[in-house]
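Undergrad:
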Amino acid sequence: MPAKPIVVATDGSEESLRAVDWAVREAVLRGAPLRLVSAAELLPRLSGGHTMPDDDTVADTLRRHRDQALTAATERATQAAPELLIDADYLDGAPAAAVTDAGSGALMLVVGSRGVGAFAAMVLGSVSRYAATHAACPVVVVREEAGAVHRQVGIGIGDLENRASLTFAFEEAALRKASLIAIHSWHLPESDVSRAGPVPSGSTGYVQETETAKRLEQLLDDWGAKYPDVPVSQELVHGHPGRALVGLSARADLVVLGRRSVHHGPGSVMHAVLSHAHGPVVTVPS
């Protein structure tokens, strides 16, 4: 059994419970232990009949909600996989930092796309966003209900030198007995865009695109030789990479993104994919 666990954060929300379900399946697939964690999050909405006892402090209520969320998630995981080794821990401190730190030394950290503290208008919760861009391990953000199994893993390749994300993607595809599709989005310089038709073959943009396609093909061939049982394909697409990867997420079981210590806020490719993907997305530190 691998020493490293899969860590999944829960706060009682439906989104986090979907993350628990996904993490349980992945732990069983790998034969890995599962660690459930929960931090005191913002107060859930109090509605008809749910009032705070007079002798309760806000901190008491937060801790009670955290404890209930962790207990419910543990019961859910145990029912789904009775044979799975499960550990459960309460986290102290600010939820975003506490959950992110919980992934230290983990095989991966799994979070839901939103939590009970998220505003309705927010697509990606602050805890998920922080973990996905700061954790030392790969972070999976689980969105929407899992649909049909496609037997396909997708990877967005913006940096041809990001070996960590490629390793992760190939290993995931091999584990799932799935194919791998790599997408590299290409933005042609405006001066090379021809309104009359295709870009001329002698243009700077065309030459650069051709060279990139060759480098990507060679890179995938090299990695494919290490994983001969994984069918590999590539797509070089024109347009915004975020839009291309969101589209890929609708036909892949997992979309892999590499990340570096750079801007990942609104407007970035990673933020766009995490906010609008149709399925699980994993960010892999370089």
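Numbering (the numbering used here), first residue to last: 1407 to 1692.
From the three backbone atoms N, C-alpha and C, an ideal C-beta is built for every residue, glycine too.
For alanine 1678, which option in Arg1472, Leu1663, Ile1587 and Pro1691 has the closest C-alpha, if you only look at C-alpha atoms?
TA: Leu1663
Undergrad: By DSSP's criteria, proline 1691 is part of a beta bridge. Which residues make up the other side?
TA: DSSP lists Arg1665 as partners of proline 1691.
Undergrad: For isoleucine 1412, which option in Glu1420, Ala1429, Gly1418 and Ser1419 has the closest C-alpha, if you only look at C-alpha atoms?
TA: With respect to the C-alpha of isoleucine 1412, the residue from Glu1420, Ala1429, Gly1418 and Ser1419 having the closest C-alpha is Ala1429.
Undergrad: Look up aspartate 1466 in the DSSP assignment and say whether it is helix, strand or coil.
TA: helix
Undergrad: Can you round the beta-carbon distance between valine 1516 and valine 1414 to whole angstroms, since I take them to be within the 8 Å contact cut?
TA: 4 Å
Undergrad: Would you kindly check if the distance between the Cβ of alanine 1575 and the Cβ of tyrosine 1633 is under 7 Å?
TA: no
Undergrad: Any idea if leucine 1435 is buried or exposed, counting beta-carbon neighbours within 10 angstroms, 16 or more meaning buried?
TA: exposed
Undergrad: What does glutamate 1641 pair with, by DSSP beta-bridge criteria?
TA: Ile1589
Undergrad: Within 10 Å of its beta-carbon, does alanine 1542 have 16 or more other beta-carbons around it, so buried, or fewer, so exposed?
TA: exposed
Undergrad: Would you mind stating whether leucine 1513 and valine 1443 have Cβ atoms separated by less than 7 Å?
TA: no
Undergrad: Using beta-carbon positions only, say whether glycine 1556 and alanine 1658 come within less than 7 Å of one another.
TA: Note that residue 1556 is histidine in the sequence shown here, rather than glycine. In contact: histidine 1556 and alanine 1658 (Cβ atoms closer than 7 Å).
Undergrad: Mind checking alanine 1554: buried by the 16 CB within 10 Å criterion, or exposed?
TA: exposed
Undergrad: What does glutamine 1558 pair with, by DSSP beta-bridge criteria?
TA: Ser1585
Undergrad: Could you tell me the distance, in whole angstroms, from the CA atom of glycine 1381 to the CA atom of alanine 1538?
TA: With the chain covering 1407 to 1692 only, the question about residue 1381 has no answer from this structure.
Undergrad: For a test of the three-state rule: what should DSSP assign to arginine 1441, helix, strand or coil?
TA: DSSP places arginine 1441 in strand when its eight states are reduced to three.
Undergrad: Counting C-beta neighbours from all protein chains within 10 Å, is the total for glutamate 1615 16 or more, i.e. buried, or is it exposed?
TA: buried
Undergrad: Please report the straight-line C-alpha distance between alanine 1409 and valine 1546, rounded to a whole angstrom.
TA: 19 Å
Undergrad: Tell me which residues share the same chain as proline 1536 and place their Cβ nearer than 7 Å to its Cβ, disregarding the 5 neighbours each side in the sequence.
TA: The sequence shown places tyrosine at residue 1536, rather than the proline named in the question. Closer than 7 Å at Cβ, skipping near neighbours: Ala1502 and Thr1506.
Undergrad: By a C-beta neighbour count over all protein chains shown, 10 Å radius and 16 as the cutoff for buried, is histidine 1644 buried or exposed?
TA: exposed
Undergrad: In this structure, how does DSSP classify glycine 1630 when only helix, strand and coil are distinguished?
TA: helix
Undergrad: Determine, for alanine 1508, whether the minimum Cβ-Cβ distance to residues of chain B falls below 7 Å.
TA: As a matter of chain content, chain B is missing from the structure shown, which is built from one protein chain.
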